[in-house]
Amino acid sequence: GDSVTQMEGPVTLSEEAFLTINCTYTATGYPSLFWYVQYPGEGLQLLLKATKADDKGSNKGFEATYRKETTSFHLEKGSVQVSDSAVYFCALRPSGYSTLTFGKGTMLLVSP
Amino acid sequence: DTEVTQTPKHLVMGMTNKKSLKCEQHMGHRAMYWYKQKAKKPPELMFVYSYEKLSINESVPSRFSPECPNSSLLNLHLHALQPEDSALYLCASSLLEGLAGGPGETQYFGPGTRLLVL
């Protein structure tokens, strides 16, 4: 079946550091890929998405590129802020289906 | 506007109580979802409604009873819950569901209801 694997957290960084959160997936066909962010005590917010190979999703300084050859969708940000502290979920939606398969989530902690 | 609203924000109930969670969206979305999220875990799908009809039930116990009275509203009726049902309950919506949805069909989540069962 489909699956998403994310790096274990927490990831701890100092403000202005470079961020990478790894995400790889297993799926048949051509899934759509998503990053959601969950701030403490809140619901999930869509951060960015990509629907086909080589697409780059970007939002609020975050970027991720859909790499079919490596089945990856790594999240990056050049300079993190304290306000980026949250849990980040990578997810896929198989083509033709609406259900999402989530990774386990990666907690990011950014200190001043 | 991509807002999904949920009420109440917090709920404490005993095991013999009956309560309901409410979810609302005004984006014209025709698919709505209930998820359950335990601490430090990803959301788990419970139910999917498509055009106000139950499309997917992920083998959820009958003490959870969903209802979709119209295209904007989704309820989750709770009865005789157990302490292990304590969790964050998230509602989501998307424009369409399944094969009708195109690439990039996105689910938008509400803020959730944090439920504690005593």
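Chains as they are written, first to last, in the working numbering: chain A, 213 to 324; chain B, 672 to 789.
Heads up, the beta-carbon is just placed ideally off N, CA and C, and yes, glycines get one too.
Minimum Cβ-Cβ distance from residue i to chain A less than 8 Å
i: residue 777 of chain B; result: yes
i: residue 757 of chain B; result: no
i: residue 782 of chain B; result: yes
i: residue 732 of chain B; result: no
i: residue 714 of chain B; result: yes
i: residue 764 of chain B; result: no
i: residue 789 of chain B; result: no
i: residue 761 of chain B; result: yes
Residue-chain proximity (residue i, chain B), Cβ-Cβ < 8 Å
i: residue 283 of chain A; result: no
i: residue 254 of chain A; result: yes
i: residue 315 of chain A; result: yes
i: residue 312 of chain A; result: yes
i: residue 301 of chain A; result: yes
i: residue 261 of chain A; result: yes
i: residue 279 of chain A; result: no
Residue i versus residue j - alpha carbon distance
i: residue 758 of chain B; j: residue 785 of chain B; result: 6 Å
i: residue 235 of chain A; j: residue 251 of chain A; result: 19 Å
i: residue 690 of chain B; j: residue 267 of chain A; result: 44 Å
i: residue 322 of chain A; j: residue 229 of chain A; result: 9 Å
i: residue 767 of chain B; j: residue 305 of chain A; result: 13 Å
i: residue 217 of chain A; j: residue 256 of chain A; result: 18 Å
i: residue 220 of chain A; j: residue 743 of chain B; result: 37 Å
i: residue 701 of chain B; j: residue 226 of chain A; result: 43 Å
i: residue 313 of chain A; j: residue 776 of chain B; result: 14 Å
i: residue 782 of chain B; j: residue 254 of chain A; result: 5 Å
i: residue 789 of chain B; j: residue 683 of chain B; result: 7 Å
i: residue 696 of chain B; j: residue 764 of chain B; result: 8 Å
i: residue 315 of chain A; j: residue 214 of chain A; result: 11 Å
i: residue 678 of chain B; j: residue 263 of chain A; result: 32 Å
i: residue 779 of chain B; j: residue 308 of chain A; result: 18 Å
i: residue 283 of chain A; j: residue 751 of chain B; result: 44 Å
i: residue 274 of chain A; j: residue 222 of chain A; result: 18 Å
i: residue 706 of chain B; j: residue 233 of chain A; result: 24 Å
i: residue 723 of chain B; j: residue 324 of chain A; result: 47 Å
i: residue 736 of chain B; j: residue 231 of chain A; result: 42 Å
Local Cβ density within 10 Å of residue i, reported as buried at 16 or more and exposed below that
i: residue 710 of chain B; result: exposed
i: residue 733 of chain B; result: exposed
i: residue 289 of chain A; result: buried
i: residue 716 of chain B; result: buried
i: residue 317 of chain A; result: buried
i: residue 291 of chain A; result: exposed
i: residue 295 of chain A; result: exposed
i: residue 686 of chain B; result: exposed
i: residue 265 of chain A; result: exposed
i: residue 787 of chain B; result: exposed
i: residue 704 of chain B; result: buried
i: residue 261 of chain A; result: buried
i: residue 259 of chain A; result: buried
Neighbouring residues, chain C, relative to residue i (Cβ below 9 Å)
i: residue 287 of chain A; result: As a matter of chain content, chain C is missing from the structure shown, whose protein chains are A and B.
According to DSSP, residues forming a beta bridge with residue i
i: residue 257 of chain A; result: A/249
i: residue 234 of chain A; result: Beta-bridge pairing links residue 234 of chain A to no other residue.
i: residue 269 of chain A; result: A/276
i: residue 681 of chain B; result: B/785
i: residue 305 of chain A; result: A/244
- Query: Taking any Cβ of chain A, which residues in the segment 679–708 of chain B have a Cβ under 7 Å from it, in chain order?
  - Reply: 702
- Which residues, in chain order, does the segment 227–258 of chain A contribute to contact with chain B at a C-beta distance below 9 Å? 242, 244, 246, 248, 250, 253, 254, 255, 256, 257, 258
- Query: Going along the segment 734–747 of chain B in order, which residues come within less than 7 Å of chain A, judged by CB to CB distance?
  - Reply: Taking 7 Å as the Cβ-Cβ cut-off against chain A, none of the residues of the segment 734–747 of chain B qualify.
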